[in-house]
Amino acid sequence: MHRFLLFSVIFICLASTSYGQRKKKKDAELVDPDSSGVVSDRLLPTTLPLLLFDDEEKKQKDRAEKKKTKKNIYYGEQTRKVRIKQIFRNQVSWQFFNVVNVKREIDPYIRDVYWYDRSEKVVRKEKWDPSKGNLLHGPYERFVDETLVESGHYFYGTRHGTWMFFDGKSILTDKLHFQEGWPKDSRITYYNREANKIEKLIPIEYELAEGNFFHFHESGQVAVTGEYRYGEKVGLWTEYWDHQAKTIRRREIQYQEQPFTKNFRPFIRAEWDKDGNLIYRREDT
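Count the sequence shown with my numbering and you get residues 6 to 290, in order.
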């Protein structure tokens, strides 16, 4: 009987200690969500992207889809037409496009995802919210008065295929090529080309870095993420440890919020060790 009581007391003490530790850890996370470097966001890219730049099978599928004659069906999805009219400085602008009623997880590697905000009746390319709108899917045209100034195709909210831009006299001024949101001029380096083991991926538009940059460890885990605009690093760039198959932040570096900002010097915002413990944070952030 005494032995049973002794074991019961020990068990209660251990349980209380464990609960207290868990509660302290939880309270600390609530107070300071950045205190841990361990990243739990399921949308954060942690493995290599699937690139389709040279996928001949995909090209053949696209050609087959174009031959289909069913009304408003693009890339195998039923869509509906939408048009938006805007007036600015006595000029009438029209946008004609199609949207798809599909709840689709967005590729976290793609920066610009275009969707139709039903409540505001505008096309947006940030903060995609399935409860507020629909992804653009299929052909797109934009007119100023009666002149076509932009045309292309969307694939689940991403620019796809050839996009053309015209001036007010219908003269072609520019042409860009995309593959499901990726600029086809993107620069890619590999650890092993045959095994498709990517080292760095730099999106390129107009011969300048433009979009989300990714650097991967040789294991395939993400090493660095950040954004370029007009060839300049902007916003928060994050480095990651390659440690026990977990995504753990190593360092955050703050760059200018807008390109070509004068007198701005990048600075280290925070650092973590391999276990995700915060070891440094700049006081004014």
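All residues carry an ideal CB built from backbone N, CA and C; glycine is no exception.
Close-in-space but distant-in-sequence residues of the same chain around residue 33 (CB under 7 Å, 5 per side omitted): Confidence at residue 33 is low in this model, with a pLDDT of 47, below 50, so the placement of that residue is unreliable and no value is reported for it.
Assigned exposure category for residue 167 - 16 Cβ within 10 Å defines buried: exposed
Bridge-paired residues (DSSP) for residue 259: 241 and 272
Residue 252 burial status per 10 Å Cβ neighbour count (16 or more: buried): buried
Within 8 Å, strictly: CB atoms of residue 97 and residue 150: yes
According to DSSP, residues forming a beta bridge with residue 182: 167, per the DSSP bridge assignment.
Counted within 10 angstroms of its Cβ, other Cβ atoms place residue 157 as buried (16 or more) or exposed: buried
Option nearest residue 261 by Cα separation, candidates 239, 281, 85 and 244: Nearest C-alpha to residue 261: 239.
Nearest to residue 242 (by Cα), restricted to the options 108, 276, 250 and 210: 276
Assigned secondary structure, residue 278 (DSSP; H/G/I helix, E/B strand, else coil): coil
Residue 265 (DSSP reduced to helix, strand or coil): coil
When 108, 281, 131 and 190 are compared against residue 213, the one with the closest alpha-carbon: That would be 190, whose Cα lies nearest to the Cα of residue 213.
Beta-carbon spacing of residue 217, residue 114 below 8 Å: yes
Nearest-angstrom Cβ-Cβ length linking residue 199 and residue 160, presumed shorter than 8 Å: Not a contact, Cβ separation roughly 28 Å.
Opening and closing residue of the beta strand (DSSP E) in which residue 96 lies: 96 to 105
Three CB pairs or more closer than 8 Å across the segment 262 to 269 and the segment 280 to 290: Judged by pairs of C-beta atoms under 8 Å, the segment 262 to 269 does not touch the segment 280 to 290, as fewer than three such pairs exist.
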